[in-house]
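What follows is a set of notes on a single structure, which appears directly below.
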Amino acid sequence: MLKLTFIDTESAWDEHLHEDYRAIDPKGVAKLERQGRKRHNQACKRVFAAAALDIAIGEDRTLAVEGLSTWTEREYGDEEAVIAGLLDHIRFHPDHRVVSYGGLAAELPLLTLGAMEYGLVLPDQLRGNQPVRPWQMRPHMDLALELKGQGRDWAHLSEIGLRMGLPRELFIGKTEVNAPASTEEWIEVRRHVGCDVLLTAMVTLAWLRAQGRISIDMPAAIYTLSDWFLRRTGAETHMAASLTELRQRMADRLAWETDLAA
Numbered sequence: 010m011l012k013l014t015f016i017d018t019e020s021a022w023d024e025h026l027h028e029d030y031r032a033i034d035p036k037g038v039a040k041l042e043r044q045g046r047k048r049h050n051q052a053c054k055r056v057f058a059a060a061a062l063d064i065a066i067g068e069d070r071t072l073a074v075e076g077l078s079t080w081t082e083r084e085y086g087d088e089e090a091v092i093a094g095l096l097d098h099i100r101f102h103p104d105h106r107v108v109s110y111g112g113l114a115a116e117l118p119l120l121t122l123g124a125m126e127y128g129l130v131l132p133d134q135l136r137g138n139q140p141v142r143p144w145q146m147r148p149h150m151d152l153a154l155e156l157k158g159q160g161r162d163w164a165h166l167s168e169i170g171l172r173m174g175l176p177r178e179l180f181i182g183k184t185e186v187n188a189p190a191s192t193e194e195w196i197e198v199r200r201h202v203g204c205d206v207l208l209t210a211m212v213t214l215a216w217l218r219a220q221g222r223i224s225i226d227m228p229a230a231i232y233t234l235s236d237w238f239l240r241r242t243g244a245e246t247h248m249a250a251s252l253t254e255l256r257q258r259m260a261d262r263l264a265w266e267t268d269l270a271a
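Residue numbering for the sequence shown is 10 to 271, as defined by the working numbering.
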């Protein structure tokens with residue numbers, strides 16, 4: 010059985026940290042500002058939301074959704090609690106391999122910085138220099154890096170999703186997530202980060218199947234993930250219509266394959 014945990018975070022610039030950096034390098038920052046740009050370093054970002062989706066793939070090609078967990082500053086109080094919640098979740102699932110999209114460049118540095126600041130310990134899956142045998146998945150796999158391979162160009166998750174036939178509405182506004190200011194915006198962020206790990210799971214399963222690492226039926230897997238997420242989040246979310254359409258498409262395809270086999 011292959012067990013996976015898909016993770017994603019949302020973060021925003023901390024202007025206090027930026028101003029401290031500006032005081033250290035005023036000439037470099039001023040030069041950029043004269044060019045109409047604002048210099049931000051990655052260490053000036055803080056995590057305000059995170060999500061983890063746990064699934065298990067059996068030897069009989071079945072997929073089971075074990076659960077979706079989310080953490081936001083609104084519910085848990087501050088960045089430390091959000092990061093600690095995600096790290097503990099991963100730690101409490103030692104038999105799960107962690108998957109992210111672009112996580113080596115985005116999630117992992119911010120989670121590591123948070124662990125350093127708050128005195129937290131990274132779970133085994135996120136620690137560096139983990140020994141991996143050639144036929145095994147890494148404890149933390151960055152799918153974006155796997156897809157890039159030896160090439161020069163990076164692909165966005167939305168590009169891969171569109172190529173797979175996922176509705177484009179699921180990706181609209183995906184990269185435009187600002188720090189929430191109202192209760193409604195916090196609720197939307199929680200749904201957004203949850204949808205991100207769902208989409209990451211769909212794309213990752215297709216990649217694993219293409220690599221011959223799993224033999225799962227992809228229409229059935231996408232149907233299962235869409236149906237589970239819809240039942241968990243309800244019909245009031247902005248992605249509900251698109252997920253409903255995707256679920257129906259997969260159901261029709263499964264029915265067609267059944268008729269063809271008969």
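No residue lacks a Cβ here, since even glycine has one placed at the ideal position from N, Cα and C. As the structure is a computational prediction, the values presented were derived from the model and not from experiment.
Sequence-distant Cβ neighbours of H105 in its own chain, meaning closer than 8 Å and more than five residues away, are K12, L13, T14, D63, I99, Q134. Rounded to the nearest angstrom, the Cβ distance from I16 to V212 is 14 Å, too far for a contact under 8 Å.
Annotation: the continuous beta strand (DSSP E) that includes G76 extends over 72-81. Going by DSSP, I169 is part of the alpha helix (DSSP H) stretching over 166-172. DSSP lists T14, H149 as the beta-bridge partner residues of V107.
A residue is called buried when at least 16 other Cβ atoms come within 10 angstroms of its Cβ; E266 does not meet this threshold and is exposed.
Cβ-Cβ distances below 6 Å link M146 to R106 in the same chain, with the five nearest sequence neighbours on each side left out; the list follows chain order. CA-CA distance, V74 to G128, rounds to 32 Å. Distance between G76 and L179, taken at the CA atoms: about 20 Å. L175 carries a coil assignment under DSSP once its states are collapsed to helix, strand and coil. Separation of R241 and G137 (C-alpha to C-alpha, rounded to the nearest whole angstrom) is 34 Å. Here the alpha carbons of C204 and Y110 stand approximately 13 Å from one another. When DSSP states are grouped into helix, strand and coil, L129 belongs to the coil group. When C-alpha distances from W237 are compared across E84, R256, A52, the shortest belongs to R256. If you draw a straight line from the Cα of H25 to the Cα of A58, it is about 19 Å long. Proximity to L95 across M173, S235, T121 peaks at T121, based on C-alpha coordinates.
Under the DSSP assignment, I66 falls outside any alpha helix (DSSP H), being part of the beta strand (DSSP E) whose first and last residues are 54-66. Only residues of its own chain outside the window of five on either side were considered, and among them T81, R83, P189 have a CB closer than 7 Å to the CB of W195, listed in chain order. If you look at L95, you'll find it in the alpha helix (DSSP H) that goes 88-100.
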